[in-house]
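Per the numbering used here, the sequence shown runs over residues 2 to 344. For each residue, glycine too, the CB sits at the ideal point set by N, CA and C.
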Amino acid sequence: MSKDAETAGRKSAGLTVDSITSTLPQGVQVPPAPTRKIPTQAWILLLALMFCWGAMWPLIKIATAEVPVLSLRGLSALIAAIVLLGSAVVTRKGLLPIANEWKKIALCSIFLVFAWFYFSALAVSLLPAGRAALLAYTMPFFSLVIGVIFLHEKITSKRLIGVICCLSAVLLLAWNDLQSIASQGIPVGILAILAAALIWSIGSTLQKQFNFQTPVTVTLGWMLIIGGVPLSILALLLDPTEWVFTASNQALLATLAIAVLSQAFGFWCWSTILKLTDVAFASIAVLCVPMMSQAMSFILVGEAFGLVEFSGLLLITLGLATVLPLRGLKTALRIQQGHTSKN
Numbered sequence: 002m003s004k005d006a007e008t009a010g011r012k013s014a015g016l017t018v019d020s021i022t023s024t025l026p027q028g029v030q031v032p033p034a035p036t037r038k039i040p041t042q043a044w045i046l047l048l049a050l051m052f053c054w055g056a057m058w059p060l061i062k063i064a065t066a067e068v069p070v071l072s073l074r075g076l077s078a079l080i081a082a083i084v085l086l087g088s089a090v091v092t093r094k095g096l097l098p099i100a101n102e103w104k105k106i107a108l109c110s111i112f113l114v115f116a117w118f119y120f121s122a123l124a125v126s127l128l129p130a131g132r133a134a135l136l137a138y139t140m141p142f143f144s145l146v147i148g149v150i151f152l153h154e155k156i157t158s159k160r161l162i163g164v165i166c167c168l169s170a171v172l173l174l175a176w177n178d179l180q181s182i183a184s185q186g187i188p189v190g191i192l193a194i195l196a197a198a199l200i201w202s203i204g205s206t207l208q209k210q211f212n213f214q215t216p217v218t219v220t221l222g223w224m225l226i227i228g229g230v231p232l233s234i235l236a237l238l239l240d241p242t243e244w245v246f247t248a249s250n251q252a253l254l255a256t257l258a259i260a261v262l263s264q265a266f267g268f269w270c271w272s273t274i275l276k277l278t279d280v281a282f283a284s285i286a287v288l289c290v291p292m293m294s295q296a297m298s299f300i301l302v303g304e305a306f307g308l309v310e311f312s313g314l315l316l317i318t319l320g321l322a323t324v325l326p327l328r329g330l331k332t333a334l335r336i337q338q339g340h341t342s343k344n
């Protein structure tokens with residue numbers, strides 16, 4: 002098959018770069034397809050990334066039991082910003098964004114930090130952490146809908162299957178809450194996590210269109226500051242302050258872990274994986290985070306994993322498999338096997 006024919010085939014299947022970059026962290030550029038073996042370091046970082054992002058959800062559950070939502074998110078955002086900008090200084094990538102990108106970074110921070118941080122943490126404080134994580138990973142499907150409506154991206158059979166799986170998972174996981182609307186009112190937790198997923202999708206679509214040239218650690222660091230400062234100000238105005246003196250070491254350590262591990266280190270793992278391989282390989286993490294979040298929620302907070310959670314996990318995983326560029330992963334693995342056989 003010629004290179005042009007292969008490219009056309011990928012486009013007709015909906016596996017273009019534009020169809021999947023909305024799932025990437027802000028500021029990340031998509032490297033070319035893999036042409037060399039996958040290094041061992043990339044596999045190690047992939048496992049670390051799955052752990053960091055999967056553990057974030059039960060860690061938020063632990064922290065919000067004692068630390069108010071606004072205080073938690075404002076504090077963790079600023080800590081993560083210090084870590085990322087500090088690493089940018091150490092690696093001599095500078096401390097400030099490119100001059101004409103300040104407004105774009107500020108706009109993205111409204112969605113990707115301020116609103117996403119608040120609504121996702123609010124949802125976890127009201128829902129089981131594992132279930133909230135599953136519902137949060139409807140974000141790629143919201144991105145597809147936004148891309149079709151506003152960016153005129155093509156609707157394919159794979160995308161349609163993914164959206165159907167997503168909607169089925171949402172209905173399944175929210176069924177008990179929807180049934181109790183008459184007696185208990187609107188399920189705030191469900192609405193909060195779906196709002197968070199939609200907000201992330203909007204922010205990611207903006208990020209994709211802006212195509213930042215500033216180094217990723219600097220871009221994310223300033224997004225965390227710009228979005229984290231208003232969260233911190235609102236926390237000072239609205240949150241009770243007793244937690245500063247009464248919060249347990251467990252809650253404080255969870256807050257620190259969210260900032261350093263899940264936000265700063267997790268993002269560094271992702272960006273490093275992309276440098277070592279490509280987005281197809283890194284997408285394994287996106288596919289596996291819902292599974293890891295369920296396992297970590299069971300280990301850290303003792304949440305049950307029943308038939309409903311398993312079915313929702315299966316639907317979300319199948320849906321993600323239709324929108325992530327796993328065809329590129331097969332190519333990478335074939336290259337890996339070829340290098341192994343030669344050795």
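Beta-carbon gap between residue i and residue j smaller than 8 angstroms
i	j	result
L47	I274	yes
A56	L253	no
S121	A100	no
G229	L86	no
I147	T206	yes
I259	F112	no
L237	I80	no
Q295	S77	no
L173	L316	yes
M1	F52	The structure shown does not extend to residue 1, since the chain spans only 2 to 344, so no value can be given for it.
A124	G75	no
I160	T323	In the sequence as presented, Ile is not what sits at residue 160; that position holds Arg. Yes, the Cβ-Cβ distance between R160 and T323 is below 8 angstroms.
V171	T220	no
Buried/exposed call for residue i, threshold 16 Cβ in 10 Å
i	result
P32	The predicted model places P32 with a pLDDT of 46, which falls under 50 and marks its position as unreliable; any figure quoted below should be read in that light. So P32 counts as exposed.
A175	buried
L145	buried
V245	exposed
V29	Legend: pLDDT at V29 = 45, less than 50; position of this residue unreliable, value from coordinates given subsequently. The residue is buried, with at least 16 neighbouring Cβ atoms inside 10 Å.
I276	Checking the displayed sequence, the identity of residue 276 turns out to be Lys instead of Ile. By the 10 Å Cβ count, K276 comes out exposed.
L25	Here L25 scores only 47 on pLDDT, less than 50, and its place in the model should not be relied on; the value that follows carries that caveat. L25 is buried by the Cβ-count criterion.
G307	exposed
R93	exposed
F151	exposed
Q210	exposed
S126	buried
Q208	buried
G303	exposed
heavy atom of the ligand NAP below 7 angstroms from residue i C-beta
i	result
P98	Only the bare structure without any ligand can be found here, which leaves the ligand NAP out of the picture.
Problem - Inside the region 59-101 only - beta strand (DSSP E) runs reaching at least 3 residues - result: Listed in chain order, nothing qualifies, since the region 59-101 has no complete beta strand (DSSP E) run of 3 or more residues.
Problem - Three or more C-beta pairs below 8 angstroms linking the region 115-134 and the region 55-71 - result: Taking 8 angstroms as the limit for Cβ pairs, the verdict is that the region 55-71 does touch the region 115-134.
Exercise for the section: Determine, using beta-carbon pairs with one atom in the region 159-170 and one in the region 107-127, whether at least three such pairs fall under 8 angstroms. Expected result: As far as the Cβ criterion goes, the region 159-170 does not touch the region 107-127, which means the pair count is below three.
Handout entry: Runs of alpha helix (DSSP H) wholly within the region 235-277 (minimum 4 residues, chain order)
Key = Counting only runs of at least 4 residues, the region 235-277 fully encloses the following alpha helix (DSSP H) elements, listed from N- to C-terminal order: 244-247, 250-258, 267-277.
Practice task
Decide if the region 231-243 is in contact with the region 67-75; the criterion is three or more beta carbon pairs, one per stretch, under 8 angstroms apart.
Solution key: With three or more CB-CB distances shorter than 8 angstroms, the region 231-243 counts as touching the region 67-75.
Practice task
Let me know the beta strand (DSSP E) ranges lying completely inside the region 116-204, each 3 residues or longer, listed in chain order.
Solution key: You should have found no qualifying run.
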